[in-house]
Each structure stands twice: as structure tokens, then as C-alpha cells.
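Read through the structure below, which is laid out as C-alpha cells, and then see the notes.
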Amino acid sequence: MARGTVVPKGKRWYCVFPHQGKQIWRVGGDTKTEAQARLRKYMQEFYPNENFPFKDFASDWLESHKIRLRPNTVDVYTIAVNRHIIPFFDGLTISEITPTNVSRFITEKAKTLHPKTVNNNFRILKQMLNQAVIYKHISESPAQHIQALP
């Protein structure tokens, strides 16, 4: 999997990534968050058939969503993603996640966490997977038809 990064240069941020043995520089945006979002789009454009590791996608998703959230919500999302979601799906690519994996996630977390916490984690996971559909990493969200806990 090719990896890219965002770099500040002057007043703008640039996306830098390798392609066919060359280093490609593209304008990312005025903020780091904008550049990270644009980098993901460039990576999908230049590497359309490669699967993103779920761990990387989840981390990028969290970083890009922090700007839209209140500070307390950022804390809740960070804990959910880093303590529960990433460890459970670690080692899988986005396209390897199945509805069975998502259902098992809910079942396993329900053994140790309060149902409200499990549902919050599931809601965050579902948002991530819906974003993966938008970025065309997957064609359909594996969480689409899974029910939350009552």
C-alpha cells in the first residue's frame, strides 16, 4: 500500500505521495484537515484497486471529523475509535469487514460494556463505513442492515 503525507509549505498544505517511482506533489488546501481529506481522494484516484487498512482509515476518519465536533464529543469518539473499534478490526482492510464482523463486534462489546456505550460505538463504526462507501473503498456498508442493541 502506497502511503502519502501532508506537508505545510508557505500558507498552504500539500499532499505528497509516491506514484510509479516518482514523488507526486498536489495542492491539499489551506488547513491540515483539508489536505488530509484531499490526500485520501488522491490516493483513491491513483490507487483505486488497493484496499486501505481499516486502522489507517479509522484514524484518518477521526482526524477529519474532529473539526466538526465539540470537544467533549471528540473525546468520546477518540476513546471509541482507539479503545474499541480499531483493536477489534485491527489487521483487516476495509473491504474485508463483513456484516458478520460487525455483528460480532456488537455481541463481544455487549459482554463488557453498557448497551448505550455499545450502541454509541456501533453508530460511530457505521458512520465510518458509510464514509468508506462515499470514498469508494467499498461498494456497500457492512453495517447497513445490522441492528443496534435494544
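According to the working numbering, the sequence shown holds residues 1 to 150 in order. We put the CB at the ideal spot given by N, CA and C, even for glycine. Computed from a predicted structure; not experimentally measured.
Closer than 8 Å by C-beta to residue i: which residues in its own chain qualify, once you throw out the five before and the five after it? Chain order, please.
i, result
"residue 9", "none"
"residue 60", "36, 40"
"residue 110", "118, 149"
"residue 11", "30"
"residue 86", "54, 55, 58, 59"
Measure the CB-CB distance between residue i and residue j and report whether it falls below 8 Å.
i, j, result
"residue 54", "residue 94", "yes"
"residue 17", "residue 39", "yes"
"residue 19", "residue 46", "yes"
"residue 124", "residue 81", "yes"
"residue 107", "residue 64", "no"
"residue 158", "residue 76", "Any answer about residue 158 is impossible in this case: the structure gives the chain only from 1 up to 150."
For residue i, name the three-state secondary structure that DSSP assigns.
i, result
"residue 138", "coil"
"residue 105", "helix"
"residue 36", "helix"
"residue 150", "coil"
"residue 111", "helix"
"residue 17", "strand"
"residue 127", "helix"
"residue 98", "coil"
"residue 70", "coil"
"residue 144", "coil"
Buried or exposed: which applies to residue i, given that a residue is buried once 16 or more other Cβ atoms fall within 10 Å of its Cβ?
i, result
"residue 144", "exposed"
"residue 97", "buried"
Would you mind working out which of the options sits nearest residue i, comparing C-alpha positions?
i, options, result
"residue 30", "13, 23, 66, 38", "13"
"residue 43", "149, 139, 140, 135", "135"
"residue 88", "118, 20, 148, 32", "118"
"residue 84", "69, 137, 105", "105"
"residue 132", "62, 22, 32", "62"
"residue 126", "21, 70, 140, 72", "140"
If I measure Cβ to Cβ from residue i and keep anything under 7 Å in the same chain, skipping five residues before and after, which residues do I get?
i, result
"residue 99", "142, 145, 146"
"residue 15", "4, 6, 26, 28, 35, 38, 39, 42"
"residue 90", "55"
"residue 23", "16"
Within the same chain, show all residues whose beta-carbon is closer than 6 Å to that of residue i, passing over the 5 residues directly before and after it, in chain order.
i, result
"residue 120", "none"
"residue 102", "142, 143, 146"
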